[in-house]
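Just so we're aligned, residue 43 is where the sequence shown starts under my numbering, counting upward by one.
Okay, structure first, notes after.
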Amino acid sequence: MDKLFAKHLTGRDSASAAKVPLDTFWESYLDTARNEDEARPKDWDGTTGSILTFTGLFAATVAAFIIESYKLLSPDPSTQSVVLLGKLLAATTNTSSPSTAVGSFDDEASHASTGAILPNALWFCSLAVALACALLSTLVQQWSRAYVRDIQWRHIVNESLASRAINHACIQMGIERYGMDQVVYVIVALVHTSVILFAAGLILFLYPINSVVCWCAASTLSLFGILYILASILPLIDHNCPYRTPLTYLL
């Protein structure tokens, strides 16, 4: 009897010993991936959290400018009255073509000037892009939480190491295939695009009002634009340069 149990126990120990190397392999894989599993969601949440804070303040700034500038898209009633009186006076003095005078008034009074249309178009586009970035950031945060939940769920239900490792590999393949990391970079690039649109609209808005103020603003924005371009190009020249912008990855 003792010999029979000894044989059985010896066979079970040998089977367990055969599983140990494979379990060690899966455990080593999960331990190695654990640091990335913790760092990646923190990176996503940190970046998108900063984007949400910035877009909230930036959208409020753009909206304040739009509130004042969109009025220029509609004809000013007082200006219409003055122009109409002038046209009527011209029509009474020139009775040969009164319809032409009134028709030219209709064309001038019913259309906004180019100086009013361009800044508003750029600012509305800037605001739309900023709001889209905020929406995408909330989606990325939701996807980040789903990623953490999917990674940890297998551990909670006490599945085998092999099952957990295979599930983890499948999740990682999906993250890489659909470019989850690149989505965050695209959102950052869109935020920068929104700022550029606002800056261009600001210059066009100031130009017909006061050229001195316009040139001061343009000079300041140009200085930061040059610094931005340098920060984008330097990593391509010197790989040790720590500065990066979304433009760097495009170049």
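Glycine residues also receive a C-beta, built at the ideal position from the N, C-alpha and C atoms.
Report task. Determine the DSSP secondary structure at Gly267, reduced to helix, strand or coil. Result -> helix
Query - Status (buried if at least 16 other CB within 10 Å, exposed otherwise) for Arg206 - result: buried
Query - Distance, Ser202 Cα to Leu51 Cα - result: Below a pLDDT of 50, predicted positions are generally treated as unreliable, and Leu51, at 41, falls in that range; no measurement from the model is reported.
Requested in this report: Count the CB pairs spanning the region 94-101 and the region 228-238 that are closer than 8 Å, and state whether there are at least three.
Outcome: yes
Report task. Compute the minimum distance between the beta carbon of Thr90 and the heavy atoms of the ligand COA, and state whether it is under 6 Å. Result -> Questions concerning the ligand COA fall outside what the structure shown contains, since it holds no ligand whatsoever.
**Report entry** Thr135, DSSP secondary structure in three states
**Finding:** helix
Report task. Can you give me the start and stop residues for the alpha helix (DSSP H) that Arg206 sits inside? Result -> 203-219
Requested in this report: Identify whether Ser253 lies in helix, strand or coil by the three-state DSSP scheme.
Outcome: helix
Query raised in the report: Can you tell which of Cys283, Leu278, Asn282, Pro284 has its C-alpha closest to the C-alpha of Thr290?
Result: Leu278
**Report entry** Closest by C-alpha distance to Val226, when choosing among Ile93, Ile275, Leu248, Glu69
**Finding:** Ile93
Query raised in the report: Are the Cβ atoms of Ser111 and Asn162 separated by less than 7 Å?
Result: yes
Query raised in the report: Looking only at its own chain, which residues have a Cβ that is under 7 Å from the Cβ of Leu248, when we skip the five neighbours before and after it?
Result: Val255, Cys256, Ala259
Query raised in the report: In the structure shown, what three-state DSSP assignment does Ser116 receive?
Result: coil
Query raised in the report: Going straight from the alpha carbon of Leu246 to that of Val228, what length do you get?
Result: 27 Å
Query raised in the report: In whole angstroms, what is the alpha-carbon distance linking Cys167 and Gly243?
Result: 10 Å
Query raised in the report: Counting Cβ pairs closer than 8 Å, one from the region 269-285 and one from the region 213-222, do we hit at least three?
Result: no
Requested in this report: Identify the continuous alpha helix (DSSP H) that holds His234 and give its terminal residues.
Outcome: 222-248
Report task. Could you tell me which of Ala75, Glu69, Pro83 sits nearest to Tyr189, measuring between CA atoms? Result -> Pro83
Requested in this report: Buried or exposed for Cys175, please, with buried defined as at least 16 other CB atoms from any protein chain shown within 10 angstroms of its CB.
Outcome: buried
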